[in-house]
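So the structure is just underneath, and the comments pick up after that.
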Ligand code: 5GP
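In our numbering, the protein residues as written are 5 to 116.
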């Protein structure tokens, strides 16, 4: 069971932003931006490689609700999902990092 499944089950608390029957958005415990929210399907899917188009379509609509709820839809934000070892994924439960609340920097993330 991943840490995110424990959060979904209510075994570990989280600072919730929004949820519906299928998805949950909550603040990252170790934020790297003024706003850093994790958006997950409640049903465990390992990563972006394994998620269906059907879930992604619904996750897109839920994510848009979250960005509006946080007032990021007009200001802008970044949406990132880490996949596997090179991607730096730590929790094997699909999640999107929603980052915003200020002008974000951009640059080379890895050496060749
Ligand atoms: P990954 O590296 O897998 O893309 O991101 C995992 C994220 O989960 C990290 O940003 C980390 O701070 C966050 N995280 C890990 N454990 C917890 C937790 O128990 N609660 C919350 N809210 N975030 C967590």
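Even for Gly, the Cβ is constructed at its ideal location relative to N, Cα and C.
Taking DSSP as the reference, what is the three-state secondary structure of residue i?
i          : result
residue 23 : strand
residue 84 : strand
residue 8  : helix
In terms of residues, what are the limits of the beta strand (DSSP E) holding residue i?
i           : result
residue 40  : 39-45
residue 100 : 100-104
I'd like the span of the alpha helix (DSSP H) that includes residue i, first residue to last.
i          : result
residue 70 : 57-73
What residues in its chain sit with their C-beta under 7 Å from that of residue i, if we drop five residues either side in the sequence?
i          : result
residue 53 : 87
residue 48 : 6, 9 and 97
Go through its chain and collect everything with a Cβ distance to residue i's Cβ below 8 Å, but skip five positions before and after it.
i          : result
residue 68 : 77
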